[in-house]
Amino acid sequence: MDFHHLRAQFPTLEQTLAGYPLCYLDTAATSQKPKQVLNAMARYYENDNANVHRAAHQLSSRATSNYETVRDKVCHFIKAKQREEIIFTHGTTESINLVAYGLTGQIKSGDLILIDTAAHHANIVPWQELAKRTGAIIKPIPLDSECRLDETAYEHLLQENPFIVALSHVSNALGTLNPVNRLVALAKQVGAITLVDGAQAIAHLDVDVQAIGCDFYVFSGHKMYGPTGVGVLYGRFDILDSLMPLMTGGEMIKTVSFEATEFNQLPNRLEPGTPPIAEVIGLGAAIDFLSALPREVIAKQEAELLSYLQTQLKQLGDITLYGANTSNIGAVAFNLADEHHQDVGILLDQQGIAVRCGHHCAMPLMQSLGLKGCCRASLGVYTSKEDIDRFIEAMASVKEMLL
Amino acid sequence: MSQVSQPSQETFLALKLDSSEILPLFEQASNWQERYRQIMLLGKALPKLDEAFRVESAQVRGCESSAWLYHSVIEDKHYFVADSDARIVKGLIGLLLTACQGKTSAEIARFDIEGYFDMLGLTGQLSPSRTNGLFALAKAIKAFSV
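Same order as they appear, the protein sequences are chains Z and V. Letter by letter, the first sequence follows residues 1 to 403 of full-length UniProt numbering. Letter by letter, the second sequence follows residues 1 to 146 of full-length UniProt numbering.
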């Protein structure tokens, strides 16, 4: 694999900021997009622009075919059983909302919802709203001293027969990897419905939803080199089919009269209105991009870079790493001494370094760590060793300025 | 932003920021490191807001760091007391206050805050897209001074 050729596919990376070449270490927030994704979206608008599923003419027929082809691609990409199990949404957040709302009629007052403490807000708030509507109860699954999900505590909580277990595949803020196959299997033993948030995993790991055994798996396009505004809800057919639609209206209906409406079948039943067509097509191109890469080679390269990043940060001194384990995926969370994460972020930005500083949309996790926030450096397929070296050099100058 | 209790009038008046002293330091700064050193020094020079006043009702929304702002009108002039838990943000707040402290409503309304930050070599810091909350603070200062 020619790394320089791969990196050259990302036009955004070739820029300077205030005289410094951009060093993009914020892939976990959103990845940069390769040319083939940008081109695919431009091609749709230039050649095929028409609404889908209304194919009275050739343009619409082409658009529909391109759109539906992506459903097959996603199905194959995450190894779902059938294409009807793939619902296009606008992202992870909408996917989880669809499930949490859709289960409203199935969950009862007093039923238990278990949530990963490391979950980001998108995998907390929809469940809280579901609990408010139904009287269900939410309990967080604690983390151990290394910021990993505490499996002993988890097993104890499972004895309370939760109705739903919501897990992260990879933590958004810390990059810690959950052994989801094992965690889901344990949840299934007590009959819980399982949802795995794969937003931070999908760009880094080969995801096999059948091997994981979860009922739902969700992710966003923009974190896997695809466009913003598109995401996926995978659901096992029978349980997906049992969800009450969150949104109703055009496209998701079979027949409408002023007396009654009959909903369409999956997947259309859960895709109301005009979908994000260009974005779905862009997502398809992102899957092609990822599928053409030697994923194992890339995963090894990312793991080596991450480990190098952790080592270099430690060597710098006065750095606290959070949940930094050898099995971390794509991200490192840290603080510099007692300095405010935002001060560090501002000074890094002055040197063209883009990292995330804040609570990372995981306030309960920050609370459990006793932090206001932290900085997070995250990697993608285009991250080079030079990026890490520049980042460390910039951190050294930040340290010199602040300490 | 309803404020139940306020720092005393002396606190408001004690905060003396002299733009004729501060601005040349920024004009002389030859690079960003020097500018940010000056910002942090300014932040250090600002008095710390008493813990009792670091309350939610005084917090300015839109800051990734926490920032608190108090306002008082004394003899038709506007005075501010502000603080942040982040050092650079506190210094940037100091720069804002330098321009607004002890000014009349008309002076503050006329004042081009964005131009001021550009002039200091801090273009882009005062924008709604920044999480440092300076834009929110500037808006709050303008709103107080109507």
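In this text, a Cβ means the ideal position worked out from N, Cα and C, and glycines have one as well. Predicted, not measured: the structure shown is a model, and the values here were computed from it.
Query	Result
Contact under 8 Å by Cβ, Ser220(Z) with Gly91(Z)	yes
Beta carbon proximity, Met366(Z) to chain V, threshold 8 Å	no
Nearest neighbour of Val81(V), chosen from Gly115(V), Lys103(V) and Ile93(V) [CA to CA]	Ile93(V)
Cβ shell of Tyr101(Z) (< 6 Å), same chain only, five flanking positions each side left out	Leu246
Inter-residue spacing [alpha-carbon to alpha-carbon] between Thr93(Z) and Val184(Z)	21 Å
Beta-carbon proximity check, Asn325(Z) vs Thr176(Z), cutoff 8 Å	yes
Short CB-CB distance (under 8 Å) between Asp150(Z) and chain V	no
Contact with chain V by Met224(Z), beta-carbon distance below 8 Å	no
Buried versus exposed, by CB contacts within 10 Å (16 or more), Gln15(Z)	exposed
Beta carbon of Thr194(Z) nearer than 8 Å to that of Asp215(Z)	yes
Near-chain V residues of the segment 340-366 of chain Z (beta-carbon distance less than 9 Å), N- to C-terminal order	His340, His341, Gln342, Asp343, Gly345, Ile346, Leu347, Gln350, Gln351, Cys357, Gly358 and His359
Thr69(Z), buried or exposed, once every other Cβ within 10 Å from all chains shown has been counted against 16	exposed
Cα-Cα separation between Pro21(Z) and Gln32(Z), rounded to whole angstroms	15 Å
Contacts that Met401(Z) makes with chain V (C-beta to C-beta distance below 8 Å)	Gln33, Tyr36, Arg37 and Met40
Contact set for His222(Z): own chain, Cβ-Cβ below 7 Å, skip 5 residues either direction	Thr30, Ser31 and Thr228
Val190(Z) - DSSP class collapsed to helix/strand/coil	coil
Residue nearest to Leu402(Z) in terms of C-alpha spacing, selected from Ala337(Z), Tyr308(Z), Leu25(Z) and Ile124(Z)	Ala337(Z)
Cut-off 6 Å between Cβ atoms - residues of its own chain near Ser368(Z), not counting five sequence neighbours on either side	Thr117
Cutoff 8 Å: Ile22(V) Cβ touching any chain B Cβ	Reference to chain B is not applicable here, since the protein chains of this structure are Z and V.
Neighbour flag for Ser2(V) against chain Z, beta carbons, 8 Å	The predicted model places Ser2(V) with a pLDDT of 47, which falls under 50 and marks its position as unreliable, so this point remains unresolved.
Contacts that Arg54(V) makes with chain Z (C-beta to C-beta distance below 7 Å)	Per Cβ cutoff of 7 Å: no residues; Arg54(V) is ~13 Å from chain Z at best.
Coarse secondary structure for Gln3(V), derived from DSSP in three states	Because the pLDDT of Gln3(V) is 48, which lies under 50, any placement of that residue in the model is unreliable, and the question is left without a value.
Cβ contact check for the segment 277-294 of chain Z and the segment 37-52 of chain Z: 3 or more pairs under 8 Å	yes
In chain order, each alpha helix (DSSP H) run of at least 4 residues that lies wholly inside the segment 130-199 of chain Z	151-158 and 180-189
Alpha-carbon to alpha-carbon, Glu114(V) and Gln125(V)	9 Å
Beta-carbon contacts of Glu84(Z) that lie in its chain and below 7 Å, excluding the five residues immediately before and after	Phe237, Leu266 and Pro267
Closer than 9 Å at the beta carbon, the chain Z residues around Asp76(V)	Simply none; closest approach about 35 Å.
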